[in-house]
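Visitor:
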Amino acid sequence: MVEASVEDKRITLKEAVKLVPDGSHLFWGGFGFQRPPMAFAHELVRQNKRNLTIYTCGSEMDIDILSGARVASRYELAFYAIEGIGLVPNIQRRIREGAIEIEDYSNLAMALRFLGGALGVPFMPLKSMLGTDLLAKKRFRSKKAEVIECPFTGEKVVLVPSVRPDFSIVHAPRVDREGNVQIDGIKGEDVEGARAGKKVIVLAEEIVDTEFIRSQPDQTVIPNIYVTHVVECPWGSYPMMVYNYYDYDMEHVRMYYDQCKTEEGWQKYCEEYITGVNDHVEFLQKIGIERLMKLRAKKPFPY
Amino acid sequence: MTKRCAKPEEFTTLELMAVCGSRQIKNGDVVFIGTGLPLIAAMLAKKTHAPRAKIVYEAGFIDSNAKDIALSIADSRLGYRASAAIGLIETLGLMLQGGHVDVGFVGAAQIDEYGNINTTYIGSFEHPTVRLPGSGGGNDIISSAKRFVVIMMHEKRKMVKKLDYLTSPGFLDGPGAREKAGLMGNGPSLVVTNLCQMDFDPDTKRIRLATVHPGVSVQQVLENTGFDLIVPKNVQTTELPTPEELTLLRAIDPGGIYIPRAK
Numbered sequence: 000m001v002e003a004s005v006e007d008k009r010i011t012l013k014e015a016v017k018l019v020p021d022g023s024h025l026f027w028g029g030f031g032f033q034r035p036p037m038a039f040a041h042e043l044v045r046q047n048k049r050n051l052t053i054y055t056c057g058s059e060m061d062i063d064i065l066s067g068a069r070v071a072s073r074y075e076l077a078f079y080a081i082e083g084i085g086l087v088p089n090i091q092r093r094i095r096e097g098a099i100e101i102e103d104y105s106n107l108a109m110a111l112r113f114l115g116g117a118l119g120v121p122f123m124p125l126k127s128m129l130g131t132d133l134l135a136k137k138r139f140r141s142k143k144a145e146v147i148e149c150p151f152t153g154e155k156v157v158l159v160p161s162v163r164p165d166f167s168i169v170h171a172p173r174v175d176r177e178g179n180v181q182i183d184g185i186k187g188e189d190v191e192g193a194r195a196g197k198k199v200i201v202l203a204e205e206i207v208d209t210e211f212i213r214s215q216p217d218q219t220v221i222p223n224i225y226v227t228h229v230v231e232c233p234w235g236s237y238p239m240m241v242y243n244y245y246d247y248d249m250e251h252v253r254m255y256y257d258q259c260k261t262e263e264g265w266q267k268y269c270e271e272y273i274t275g276v277n278d279h280v281e282f283l284q285k286i287g288i289e290r291l292m293k294l295r296a297k298k299p300f301p302y
Numbered sequence: 000m001t002k003r004c005a006k007p008e009e010f011t012t013l014e015l016m017a018v019c020g021s022r023q024i025k026n027g028d029v030v031f032i033g034t035g036l037p038l039i040a041a042m043l044a045k046k047t048h049a050p051r052a053k054i055v056y057e058a059g060f061i062d063s064n065a066k067d068i069a070l071s072i073a074d075s076r077l078g079y080r081a082s083a084a085i086g087l088i089e090t091l092g093l094m095l096q097g098g099h100v101d102v103g104f105v106g107a108a109q110i111d112e113y114g115n116i117n118t119t120y121i122g123s124f125e126h127p128t129v130r131l132p133g134s135g136g137g138n139d140i141i142s143s144a145k146r147f148v149v150i151m152m153h154e155k156r157k158m159v160k161k162l163d164y165l166t167s168p169g170f171l172d173g174p175g176a177r178e179k180a181g182l183m184g185n186g187p188s189l190v191v192t193n194l195c196q197m198d199f200d201p202d203t204k205r206i207r208l209a210t211v212h213p214g215v216s217v218q219q220v221l222e223n224t225g226f227d228l229i230v231p232k233n234v235q236t237t238e239l240p241t242p243e244e245l246t247l248l249r250a251i252d253p254g255g256i257y258i259p260r261a262k
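Protein chains in written order, with numbering that gives the first Met the number 0: chain A, 0 to 302; chain B, 0 to 262.
In structure tokens:
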């Protein structure tokens with residue numbers, strides 16, 4: 000028998016989330032409103048995962064959901080808020096309860112930590128964080144960052160530890176079933192973050208024919224060699240945005256923000272939109288196809 | 000060229016702040032900004048005196064020419080007619096740390112008299128009362144941009160003697176401190192608030208009143224400031240916006256997302 004020339008890495012969203020044991024360390028892809036793995040966050044909540052550690056540069060409603068549902072207990076990151084609206088409501092509450100802990104870095108520090116992990120070196124140097132509490136204060140890491148004098152020039156640099164998380168979770172516009180990933184618009188820190196993970200799960204708006212990818216290989220930003228599993232997941236970043244695919248639904252985001260100001264409001268949201276539905280498709284049905292279609296990107300604009 | 004100024008009743012304080020910010024951008028500058036007023040200020044600068052300014056957003060949009068107002072620095076709106084869409088290692092690493100960024104714009108929840116900034120916690124580190132967004136790229140921009148401008152609201156609880164948490168470095172504890180710490184950028188150049196503009200005394204590196212906005216007294220600024228502000232003998236009034244600047248501003252943000260229209 001001849002082996003198929005194209006490996007098929009496709010699994011379902013439910014299967015992908017089942018692979019993540021409690022206590023796992025995850026690189027969390029997307030940046031700000033762009034391409035957060037929202038559907039993956041919902042499924043982590045539905046499968047009642049616990050004690051995850053999340054590594055990211057800047058994330059918003061997606062990690063607020065992970066905090067609200069007590070899925071993640073530790074974060075190493077640079078930024079979170081719901082931009083244009085306010086501070087993330089669930090994380091505020093969980094911090095006050097002592098249910099979550101945050102180790103703060105700068106965005107460049109986090110991006111370099113992923114690059115270091117991807118490069119297989121134990122640390123990376125940078126010129127940020129110097130002279131500040133980002134260096135002086137730490138939460139749970141035994142070593143967070145170190146200042147050294149460069150052995151060649153004597154200049155001061157900060158060393159930050161590389162990250163090799165158990166899983167990297169990335170939401171992309173297009174992937175083929177072999178795991179070749181194409182990302183439109185900004186890449187944030189996903190190019191490095193995807194390469195840092197021991198296992199890499201890519202969710203995508205569409206799974207395209209491998210011949211399509213191979214007709215424009217210069218557009219591939221994560222080659223299949225890095226990718227373990229591929230999940231077809233249209234509207235997987237809703238109510239946030241995917242470049243060239245759809246805009247954000249600010250009405251929904253605002254509703255989430257207002258409702259989550261109280262614990263009761265968050266519980267109600269969670270039950271209605273996350274745990275009260277069976278899967279991502281049912282969630283989308285609840286939002287409504289008409290509403291989604293209005294958010295489709297309208298050329299020549301990428302939104 | 001003579002410049003006609005608008006009358007104080009013809010513009011709002013937020014409009015004046017945006018104009019103050021835009022005037023800090025020189026033609027050809029590489030400008031690093033976030034969303035909010037800095038975004039409006041940079042768009043205005045490109046439409047007036049600095050058409051060759053290049054606006055860079057840390058998420059990866061480079062030389063953006065957005066038509067619509069973005070809510071997020073990763074907003075697809077910023078991709079419209081940008082010259083490149085790359086990522087963080089490019090913007091914060093190669094471009095910024097590589098030394099190519101002339102000016103950065105940042106906000107602050109607290110600032111002290113050396114221009115150090117807190118965007119992380121209110122309250123103690125052990126038991127914070129409010130968790131703010133954190134550094135994001137703020138610490139990187141403030142550390143490595145050649146200069147940076149702060150735009151924030153002027154309140155006593157924000158202008159403090161001691162920060163609850165030092166997220167990003169101004170002049171740290173005075174002259175020579177940035178250099179000693181190993182920082183690349185030259186530090187803060189201006190703080191724009193709803194009451195005044197403040198710069199930094201070149202010898203002591205301490206914050207100093209530069210101009211007061213029309214209708215605002217020096218006394219009013221001092222009453223709303225929690226640290227010792229250097230007040231020079233003659234404090235001028237902030238240069239007013241021109242009618243042209245106001246017209247452009249209102250066309251940039253017609254929906255009043257960052258600058259509500261009603262006065």
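Backbone N, C-alpha and C define an ideal beta-carbon position, used for all residues, glycine too. Given the structure is predicted, the values throughout are model-derived calculations rather than measurements.
Residue range of the alpha helix (DSSP H) that Q219/B falls in?
Guide: 217-222
Visitor: Within this structure, are the beta carbons of E82/A and G31/A separated by less than 8 Å?
Guide: yes
Visitor: With 16 other CB atoms within 10 Å as the buried threshold, where does F151/A fall?
Guide: exposed
Visitor: Identify every residue that forms a DSSP beta bridge with Y120/B.
Guide: R130/B
Visitor: Under the rule that 16 or more other beta-carbon atoms within 10 Å means buried, what is D61/A, buried or exposed?
Guide: Its Cβ being crowded by 16 or more others within 10 Å, D61/A is buried.
Visitor: Mind checking G135/B: buried by the 16 CB within 10 Å criterion, or exposed?
Guide: The residue in question, G135/B, is buried, as its Cβ has 16 or more Cβ neighbours within 10 Å.
Visitor: Are the C-beta of E57/B and some C-beta of chain A separated by less than 8 Å?
Guide: yes
Visitor: May I ask which residues mark the beginning and end of the alpha helix (DSSP H) holding C269/A?
Guide: 262-269
Visitor: What does the alpha-carbon distance come out to for the pair P187/B and T210/B?
Guide: Our two residues, P187/B and T210/B, have alpha carbons roughly 16 Å apart in a direct line.
Visitor: I'd like to confirm the pairing. Which residues does DSSP put opposite P25/A in its beta bridges?
Guide: First, the amino acid is wrong: residue 25/A is Leu here, not Pro. Bridge partners of L25/A: I53/A, F166/A.
Visitor: Three-state secondary structure (DSSP) at L76/A?
Guide: strand
Visitor: Count the other CB atoms within 10 Å of the CB of V135/A; is the residue buried (16 or more) or exposed (fewer)?
Guide: Note that residue 135/A is Ala in the sequence shown, not Val. With fewer than 16 Cβ atoms within 10 Å of its Cβ, A135/A is classed as exposed.
Visitor: Is it true that the CB of S142/B sits closer than 8 Å to the CB of G184/B?
Guide: yes
Visitor: Along the beta strand (DSSP E) that carries P160/A, what are the first and last residues, could you check?
Guide: 155-160
Visitor: My output table needs one value for L171/B: the three-state DSSP class, helix, strand or coil.
Guide: coil
Visitor: Do K8/A and H228/A have their C-beta atoms closer together than 8 Å?
Guide: yes
Visitor: Helix, strand or coil: which one does DSSP assign to T203/B?
Guide: coil
Visitor: Looking at the secondary structure, which residues open and close the beta strand (DSSP E) in which S188/B lies?
Guide: 187-191
Visitor: Quick check: is the beta carbon of V156/A nearer than 8 Å to any beta carbon in chain B?
Guide: yes
Visitor: Just to confirm the assignment, what range does the alpha helix (DSSP H) spanning R138/A have?
Guide: No alpha helix (DSSP H) contains R138/A, which DSSP labels as neither H nor E.
Visitor: Counting contacts by CB-CB distance shorter than 8 Å, is Y79/B in contact with chain A?
Guide: At least one chain A Cβ lies under 8 Å of Y79/B.
Visitor: Give the residues of chain A in contact with M152/B, contact being defined as C-beta atoms less than 7 Å apart.
Guide: Under the 7 Å cutoff, chain A gives no residues; its nearest Cβ is about 15 Å from M152/B.
Visitor: Residues of chain A with CB closer than 9 Å to the CB of G92/B, please, in chain order.
Guide: L107, A110, L111, L114, L125
Visitor: Would you check if the distance between the CB atom of I206/A and the CB atom of E231/A is smaller than 8 Å?
Guide: yes
Visitor: Between S75/B and chain A, is any beta-carbon pair separated by less than 8 Å?
Guide: Yes, its Cβ sits closer than 8 Å to a Cβ of chain A.
Visitor: With 16 as the cutoff for other CB atoms within 10 Å, does E57/B come out buried or exposed?
Guide: Counting Cβ neighbours within 10 Å, E57/B comes out buried, since at least 16 surround it.
Visitor: If we define contact as Cβ-Cβ less than 8 Å, is G186/B a contact residue for chain A?
Guide: no
Visitor: Ignoring anything shorter than 4 residues, give me the alpha helix (DSSP H) runs that lie fully in the segment 213-261 of chain A, in order along the chain.
Guide: Segments of the alpha helix (DSSP H) lying fully in the segment 213-261 of chain A: 249-258.
Visitor: So which of M292/A, P160/A, A68/A has the shortest CA-CA distance to G116/A?
Guide: P160/A
Visitor: In or out: S66/A buried (at least 16 other Cβ within 10 Å) or exposed?
Guide: buried
Visitor: In the structure shown, what three-state DSSP assignment does I185/A receive?
Guide: coil
Visitor: According to DSSP, is L202/A part of a helix, a strand, or is it coil?
Guide: strand
Visitor: So which of Y272/A, M240/A, V252/A has the shortest CA-CA distance to L294/A?
Guide: M240/A
Visitor: Report the neighbours of Q96/B on chain A: residues whose CB is nearer than 9 Å to its CB, in chain order.
Guide: L107, L125, K126, S127
Visitor: Alpha carbon to alpha carbon, how far is K13/A from I273/A? Give it in angstroms, no decimals.
Guide: 13 Å
Visitor: Is P231/B close to chain A? Criterion is C-beta to C-beta, closer than 8 Å.
Guide: no
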